[in-house]
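Notes follow the structure.
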Amino acid sequence: PLALCFTHRQKRCNLNYYIRKEIPEYRQRYGQIARWKLVLAKLWQYKLKWFLNRCQQVIAVSPQLAKIYQDNGTKKVTWIYNLPPFSAKGRSASGRDKHVILSVGKLSFGKGTDCLIKAAEQLPQYQFVFAGEINPSLKTKFPKNCEYLGKLDHEQTLKLYGKAGVFVILSRWPEPLSRAGLEALSFGLPIVASDRGGNQELVKDNGYLVDPENTQEIIQAINKALTKPEFSQASQDLLTTRFNRGQIIQSHLNLYQSL
3 PLALCFTHRQ KRCNLNYYIR KEIPEYRQRY GQIARWKLVL AKLWQYKLKW
53 FLNRCQQVIA VSPQLAKIYQ DNGTKKVTWI YNLPPFSAKG RSASGRDKHV
103 ILSVGKLSFG KGTDCLIKAA EQLPQYQFVF AGEINPSLKT KFPKNCEYLG
153 KLDHEQTLKL YGKAGVFVIL SRWPEPLSRA GLEALSFGLP IVASDRGGNQ
203 ELVKDNGYLV DPENTQEIIQ AINKALTKPE FSQASQDLLT TRFNRGQIIQ
253 SHLNLYQSL
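Residue numbers (the working numbering): 3 to 261.
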C-alpha cells in the first residue's frame, strides 16, 4: 500500500524497487516527524520513570497494571483495587431484557468497539446498546441491531445496567480496572470481557474472558452467558468479596501507616 501511495504505480512493486525507491521516499516524507515523536516519547518515558522511582510507593489499581509498571522499571509498586462506585445492596435484576447486550465507555479501536460490532452483525436476535464518547469513524459501522445513545450522564447510564442482559468490555489495550465493569457487577450483570489487563479481575464464576480479535469466541461467550442465570448473583458476590470496600480502605490505611 505504501508503494502504491508514494509512486502511484498500478501494480505492487517488487522487493528491489521497494528498498531502492519506497523506503527513501518514506524517510524523506515522514522520517523527521517520526524521529521527533520517538524522541519526545522516550524523553517522557524517562521522565515518568524518574518520578515514579522517587515515590515512596506507587499504587496500581490491579495486579496486571502493577506488573506493567514493574516490567518497565518501577521499583516500589503495589496494587490495591479501586473502590467500587457503590455496593450491590438493593440492586435489582427485575425488568432485565436478556436480549439487550450493553457496552458502556469510550467507543474506539483501543476499547475493541469494532470487535463487538463484528459480533453483533452475526447476532441479529439481540439488541446491542452502546453508550459513551465515540470515535467518529465508528458511527457509520453500526448494523441495524445496534443502538448508539451518545454520551449519557451517570444517572441515565445506571438505568441501562438495570435493563441489560449482559455487559461486554472488549478492550485491546491492558485495561487498568474498568469502573463501568464494577458498576455492571453491582447490578448483577454477567460479564464478557477481553483477557487484557484488569479485565481479568472482573470475571470469576460470573462470565467469560475472550480474545477480542476472535469474533466466534465472543459470540459463543455472549450466547452462553445468557443461559446462565446464576451468573447474576455471582457478579454481585464477586463485588462484595474481591472488591470489598472495607478491605480496600484498610489496605490503603495499612500502606500509608507503613511508610
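Glycine residues also receive a C-beta, built at the ideal position from the N, C-alpha and C atoms.
Environment of residue i [buried if 16+ CB atoms lie within 10 Å]
| i | result |
| --- | --- |
| L118 | buried |
| L198 | A quick correction: the sequence has Arg, not Leu, at residue 198. Buried, since its Cβ has 16 or more Cβ neighbours within 10 Å. |
| E185 | buried |
| A43 | exposed |
| G200 | buried |
| P214 | buried |
| I224 | buried |
| F53 | exposed |
Span separating the alpha-carbon of residue i from that of residue j
| i | j | result |
| --- | --- | --- |
| N147 | T115 | 15 Å |
| H254 | L140 | 40 Å |
| Q59 | F132 | 37 Å |
| S173 | Q259 | 35 Å |
| L40 | L191 | 42 Å |
| F144 | L151 | 12 Å |
| L187 | P86 | 9 Å |
| F189 | I220 | 22 Å |
| L154 | G134 | 7 Å |
| A195 | L257 | 30 Å |
Minimum Cβ-Cβ distance from residue i to chain C less than 8 Å
| i | result |
| --- | --- |
| K165 | No chain C appears in this structure, which consists of one protein chain only. |
Under the three-state DSSP convention, the category residue i falls into
| i | result |
| --- | --- |
| Q12 | Per-residue confidence for Q12 stands at a pLDDT of 44, beneath the threshold of 50, marking its modelled position as unreliable; no derived number is given. |
| E232 | helix |
| E27 | helix |
| C341 | The structure shown has nothing for residue 341, since the chain only spans 3 to 261. |
| T142 | coil |
| Q124 | coil |
| V63 | coil |
Same chain, Cβ closer than 6 Å to residue i, five either side skipped, listed in chain order
| i | result |
| --- | --- |
| A236 | D207 and N208 |
Beta-carbon proximity list for residue i, same chain, < 7 Å, skipping 5 on both sides
| i | result |
| --- | --- |
| G167 | R98, D99, K100, H101, V102, I103 and L228 |
| K165 | G97, R98, D99 and V102 |
>> In chain order, what are the residue ranges of uninterrupted alpha helix (DSSP H) at least 4 long that sit wholly in the segment 157-210?
In response: As far as the segment 157-210 is concerned, its whole alpha helix (DSSP H) runs of at least 4 residues are 181-188.
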